[in-house]
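Engineer: Got a structure for you, questions after.
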Amino acid sequence: MQTSSITPSEVRSALLLREEIALLDLRHEAAFATGHPLFAANMAVDRIALEAEVRLPRKDALIVLYDAGEGLVPAANKALTALGYSSIRTLGGGLKAWRDAGYELFQDVNSYAKAFGELVESRRHTPSLPADEVAALIASGADIAILDVRRFDEYATMNIPGSISVPGAELVLRAGHAAPNPDTTIIVNCAGRTRSIIGTQSLINAGVPNKVVALRNGTIGWTLAKYALEHGAARRGAIGPFQHADDGARDVAYRAGVRRIGIEDYLALQAQRHRTLYRFDVRDEAEYTAGHIPGFRHYPGGQLVQEIDMAAPVRGARIVLSDNLGIRAEMTASWLAQMGWETYVLDGGYDSAVEATPPLILPKPAPAHRYRRPYEGTEASPEKMQAYLDWEFGLVEQLRRDGTHGFFVV
316 MQTSSITPSE VRSALLLREE IALLDLRHEA AFATGHPLFA ANMAVDRIAL EAEVRLPRKD
376 ALIVLYDAGE GLVPAANKAL TALGYSSIRT LGGGLKAWRD AGYELFQDVN SYAKAFGELV
436 ESRRHTPSLP ADEVAALIAS GADIAILDVR RFDEYATMNI PGSISVPGAE LVLRAGHAAP
496 NPDTTIIVNC AGRTRSIIGT QSLINAGVPN KVVALRNGTI GWTLAKYALE HGAARRGAIG
556 PFQHADDGAR DVAYRAGVRR IGIEDYLALQ AQRHRTLYRF DVRDEAEYTA GHIPGFRHYP
616 GGQLVQEIDM AAPVRGARIV LSDNLGIRAE MTASWLAQMG WETYVLDGGY DSAVEATPPL
676 ILPKPAPAHR YRRPYEGTEA SPEKMQAYLD WEFGLVEQLR RDGTHGFFVV
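Using this note's numbering, the letters of the sequence shown correspond one by one to residues 316 to 725.
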């Protein structure tokens, strides 16, 4: 079936007006990472049957397809139509038309979350220390706690010596146990910049009494400074909020415009079939598997902030987060709201029937099609790591030129 086309300016208008739109790049991830519109989501044509119904829950939401001249659109249109999607358009002229219109192309993956992180640091002056200073603190036996906010598997692959795994959204919930003394300096790190900036600012926003700083440029900065990393570590932070963490998390969510809803409100949202509704359980995997609210997909909060384009390709959709302890959902929601999402936190829901099933995990693309992240694993060259950092440093200016983001920072 032939699809009608939509112009780049019409897509841009929809993004500016916060209308629901899924702008899908049909190339493989490695090609997608070479350049794409800010709010484009990657869904390779040969993965549509695997991913579409998970990532595009409303069948009549507007979907705009494009490629870079490879001729992928007809096969994608056929695959989506066979799945029951009914509002499919083609970006007239493809990626070339977007570029020719003078609109920005962003490299890498999870680009708009990374750009948002750079904007947060720029506007809030998020404190950080370079690798040399952190290494000196470690060597002197200073009163510090290094909290690694990446996924546990990333942490186990390589980590700053002595650090503890406390994945992103768990920070406010677990910082009080990791650093019970308010005189302890907390150092937050990830592989590069985004998650450490967001993690550091999360603790500051929530009112942790400790001094908090990011390890500037994460494990990339540590490696470029020629310090050794640990491998195979298994230290995990235990639950233990700092005093008033609940109030701090709720306050920052409120200031960001997050709405807290009960079960009846949630059911009313769910009944509004004209809007796309994403539902994410932001707790850790073991908690989710033990029992979660039906219909909620598992997505740990820190990763959800970083990978929101992957989790929720329909820009302009609604997002509801669940967490039986509240803090992780509040903190995650605070960031999503600042990124322009209509975000809700579900209050309760765990007293009713819950499902005890493991998370749905979509298989990764074939290695040949996957973008090799410069901060991933232990084999990236120093040149690629430095080039990646240089790219991140330029994202705030690129956001300004693009003009569609609608981000704000509380």
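Beta carbons are placed, not taken as given, at the ideal position from N, Cα and C, and that holds for glycine.
For residue 685 and residue 642, what's the separation of their Cα atoms in angstroms?
Structural biologist: The alpha-carbon atoms of residue 685 and residue 642 are separated by roughly 34 Å.
Engineer: Between the alpha carbons of residue 474 and residue 376, how many angstroms are there, rounded?
Structural biologist: Approximately 42 Å between the Cα atoms of the pair.
Engineer: Please look up how many angstroms separate the CB atoms of residue 443 and residue 530, rounded, as I've assumed it's under 8 Å.
Structural biologist: The pair is a contact, with the Cβ atoms about 7 Å apart (cut-off 8 Å).
Engineer: What residues in its chain sit with their C-beta under 7 Å from that of residue 517, if we drop five residues either side in the sequence?
Structural biologist: 486, 487 and 646.
Engineer: Given that a residue counts as buried once 16 or more other Cβ atoms are within 10 Å of its Cβ, and exposed if not, what is residue 675?
Structural biologist: Residue 675 is exposed by the Cβ-count criterion.
Engineer: Apart from the five residues on each side of it in sequence, which residues of its chain come closer than 6 Å, Cβ to Cβ, to residue 311?
Structural biologist: This structure leaves residue 311 out entirely; the chain is present only between 316 and 725.
Engineer: Could you tell me how far apart the beta carbons of residue 392 and residue 318 are, in whole angstroms, since I believe they sit closer than 8 Å?
Structural biologist: Sure, about 5 Å apart at Cβ, within 8 Å.
Engineer: Confirm, please, whether the CB-CB distance from residue 478 to residue 496 is below 8 Å.
Structural biologist: Not closer than 8 Å, so no.
Engineer: In the DSSP assignment, find the unbroken alpha helix (DSSP H) run with residue 520 in it and report its ends.
Structural biologist: Here the alpha helix (DSSP H) through residue 520 covers 509-521.
Engineer: Under DSSP, the beta strand (DSSP E) around residue 472 begins and ends at which residues?
Structural biologist: Counting along the chain, residue 472 falls outside any beta strand (DSSP E), though it belongs to the alpha helix (DSSP H) covering 467-472.
Engineer: Given this structure, state the Cα-to-Cα distance separating residue 682 from residue 578, to the nearest angstrom.
Structural biologist: For residue 682 and residue 578, the distance between alpha carbons rounds to 42 Å.
Engineer: Could you check what DSSP says for residue 351 in three-state terms: helix, strand or coil?
Structural biologist: Reduced to three states, the DSSP call for residue 351 is strand.
Engineer: Can you find at least 3 beta carbon pairs, one from the segment 445-453 and one from the segment 527-541, that sit closer than 8 Å?
Structural biologist: They touch, by the three-pair rule.
Engineer: When you compare each of 406, 520 and 667 to residue 725 by their alpha carbons, which one comes out closest?
Structural biologist: Of the listed residues, the one whose Cα sits closest to residue 725 is 520.
Engineer: For residue 716, which of 433, 359, 415 and 420 has the nearest alpha-carbon?
Structural biologist: For the residues 433, 359, 415 and 420, the minimum Cα distance to residue 716 belongs to 420.
Engineer: Among all the DSSP beta bridges, which residues are the ones paired with residue 607?
Structural biologist: Looking at the DSSP assignment, residue 607 forms a beta bridge with 670.
Engineer: To the nearest whole angstrom, what separates the beta carbons of residue 336 and residue 631, a pair I think is in contact under 8 Å?
Structural biologist: So it is a contact: roughly 6 Å between Cβ atoms.
Engineer: Using a Cβ-Cβ cutoff of less than 6 Å, which residues in the same chain neighbour residue 564 once the five nearest sequence positions on both sides are dropped?
Structural biologist: Cβ neighbours of residue 564 beyond the five flanking positions: 487, 521, 642, 645 and 646.
Engineer: Going by beta carbon distance, what residues of the same chain come within less than 6 Å of residue 437, once the five residues before and after it are set aside?
Structural biologist: The answer, listed in chain order, is 711.
Engineer: Looking only at its chain, what residues have a beta carbon closer than 8 Å to the beta carbon of residue 481, apart from the 5 residues adjacent to it on each side?
Structural biologist: Here the set comprises 462, 463, 464, 489, 490, 493, 551 and 552.
Engineer: Hey, is residue 442 close to the ligand SAM, as in C-beta under 7 Å from one of its heavy atoms?
Structural biologist: For the ligand SAM, the structure offers nothing, since it holds no ligand at all.
Engineer: Tell me, please, which residues DSSP counts as bridged to residue 613.
Structural biologist: Note: residue 613 sits in a beta bridge opposite 596.
Engineer: Spatial neighbours of residue 509 within its chain, please: C-beta separation below 7 Å, excluding the five flanking residues on both sides.
Structural biologist: Same-chain partners within the cutoff: 428, 429, 432 and 621.
Engineer: Against chain C, does residue 438 count as a neighbour if the rule is that its beta carbon must be under 8 Å from one of theirs?
Structural biologist: Included in the structure is just one protein chain, with no chain C present.
Engineer: Is it right to say residue 459 is buried, meaning 16 or more other beta carbons lie within 10 angstroms of its own, or is it exposed?
Structural biologist: Counting Cβ neighbours within 10 Å, residue 459 comes out buried, since at least 16 surround it.
Engineer: Helix or strand or just coil, what does DSSP make of residue 340?
Structural biologist: In this structure, residue 340 counts as strand in the three-state DSSP scheme.
Engineer: For the candidate residues 697, 655, 618 and 394, whose alpha-carbon lies nearest to that of residue 469?
Structural biologist: Nearest of 697, 655, 618 and 394 to residue 469, Cα basis: 618.
Engineer: Within 10 angstroms of its Cβ, does residue 440 collect 16 or more other Cβ (buried), or is it exposed?
Structural biologist: That one is exposed.
Engineer: In its own chain, which residues sit with a C-beta less than 6 Å from the C-beta of residue 527, not counting the 5 before and 5 after it?
Structural biologist: If we look at residue 527 and ignore the five residues flanking it on each side, its Cβ neighbours are 501, 515, 518 and 519.
Engineer: Answer yes or no: do residue 726 and residue 628 have a C-beta to C-beta separation smaller than 8 Å?
Structural biologist: There is no way to answer for residue 726, as the model of the chain reaches only from 316 to 725.
Engineer: Return the chain-ordered list of same chain residues with a C-beta closer than 6 Å to the C-beta of residue 405, the five sequence neighbours on each side being excluded.
Structural biologist: Once the five neighbours on either side are set aside, the close Cβ partners of residue 405 are 318, 320, 380 and 388.
Engineer: Which of the three DSSP states is assigned to residue 639 in this structure?
Structural biologist: If DSSP states are grouped into helix, strand and coil, residue 639 belongs with coil.
Engineer: Report the CB separation of residue 360 from residue 341 in whole angstroms; it is logged as a contact under 8 Å.
Structural biologist: Confirmed, about 5 Å.
Engineer: In chain order, what residues of the same chain lie with their CB nearer than 6 Å to the CB of residue 658, ignoring the 5 residues before and after it?
Structural biologist: Correct list, in chain order: 573, 634, 648, 651 and 652.
Engineer: With distances taken from CA atoms, which of 616, 587, 409 and 586 is nearest residue 599?
Structural biologist: The candidate whose alpha carbon is nearest that of residue 599 is 616.
Engineer: Measuring straight from C-alpha to C-alpha, what distance separates residue 409 and residue 386?
Structural biologist: Roughly 10 Å separates the two Cα atoms.
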